[in-house]
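One line per chain: the protein sequences are V and X, in this order. The first sequence begins at 1 in the working numbering and counts up by one. The second sequence begins at 1001 in the working numbering and counts up by one.
2 protein chains.
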Amino acid sequence: MEHGFTVKQVAKKLNLSEHTIRFYCDKGLIPAVQRDRNNNRIFTQESINWLTGVKYLRDSGMSLESIKKYVDLCLIGDETILERYSIIQEQRELAKIQLQEAKERLEYLEYKLSHYKDIIEHRIDDDMNPGKW
Amino acid sequence: MEHGFTVKQVAKKLNLSEHTIRFYCDKGLIPAVQRDRNNNRIFTQESINWLTGVKYLRDSGMSLESIKKYVDLCLIGDETILERYSIIQEQRELAKIQLQEAKERLEYLEYKLSHYKDIIEHRIDDDMNPGKW
DNA sequence: GTAAACCTTGAGAGTAGCTCTAAGTCAAGG
DNA sequence: CCTTGACTTAGAGCTACTCTCAAGGTTTAC
């Protein structure tokens, strides 16, 4: 209670499992998490923002090890800004590629689906899709 | 040798590791893979197509277990077409969500980058991004 | 007041999906 | 003949969860 949110509330808010959130905290990825007098983790808006950032970075493919390094750079302060900039820049390039790949995957599934639809509706033979797949 | 491609060639072509390809084969995910007289895996265009499909499904978040079930349905033939259709349909819905998430991630990183740029060019202080991240 | 219901905690086991290493086979090139 | 190199299998190791568990605090119900 106190001010701030419990693990459960944050899990719901950010669509992460409670396990994962505790796991990230234990790894030192979320620096701002406090404890209440019963040793329960309490999340302020600041720690929720950290967690949100970690989630974005993780989802864009960065390893927890690299995220940890990045978080530590953030905590050092101003003099690490150029280094942080280049980390995020590189990650953005990856995110661009991932976006492109996501589009391709969707296209593939759409194609596949229309192919199945043809078979189902128009009695085209199911040939196990040789040469197409 | 023979006709067809080696694991190495396919790995390069599809941007998968040789380990992963062998792993998929051993799991029964790629039914059409033959062996040459030295017991080496040889990939025809058909098996490459299978592998390509498996890769798309995997990349769109399907578990290897589910992919295996799907592949087995394909091998049974025509009478499984409706079931396969609904599997792919569901996967397409996931792919749509993933595409949206990929866009959001890219936006987040772009925002972050422009924020860093402002700090570097001395427009504003590095405040560790309270409330923003 | 105390029991039941419901949180939370840390420790640690289990899992998926690779990823890598070791040890060995085979075929061609110098 | 010997090295190089690509292949093989078995299995260990890794990351990032994911889950189970026992212990213990808090809340509500009577």
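Cβ coordinates follow ideal geometry from the N, Cα and C atoms, glycine included.
(request) Look up Q1034(X) in the DSSP assignment and give the residues it is bridged to. (result) Looking at the DSSP output, Q1034(X) shares a beta bridge with I1042(X).
(message) For S1114(X), would you say it is in contact with chain V, using Cβ-to-Cβ distances shorter than 8 Å as the test?
(response) no
(request) Anything in chain V within Cβ reach of D1059(X), meaning under 8 Å, just list it in chain order. (result) The answer, in chain order, is E101, R105.
(message) If you follow the alpha helix (DSSP H) that E134(V) is in, where does it begin and where does it stop?
(response) Any property of residue 134(V) remains undetermined from this structure, which presents chain V solely from 1 to 133.
(message) Counting only C-beta atoms, is I88(V) closer than 8 Å to chain X at any point?
(response) yes
(request) Report yes or no: do three or more beta-carbon pairs, one from the stretch 1019–1036 of chain X and one from the stretch 1059–1071 of chain X, lie closer than 8 Å? (result) yes
(request) Give me the Cβ distance between K1055(X) and L1014(X), rounded to the nearest whole Å; I'm assuming they're in contact under 8 Å. (result) 6 Å
(request) Report yes or no: is there a C-beta of chain X within less than 8 Å of the C-beta of A95(V)? (result) yes
(message) If contact is defined by three or more beta carbon pairs under 8 Å, each pair taking one atom from either stretch, is the stretch 81–95 of chain V in contact with the stretch 109–120 of chain V?
(response) no
(message) Please classify F43(V) as buried or exposed, where buried requires at least 16 neighbouring CB atoms within 10 angstroms.
(response) Residue environment analysis places F43(V) among the buried positions, since at least 16 neighbouring C-beta atoms fall within 10 angstroms of its C-beta.
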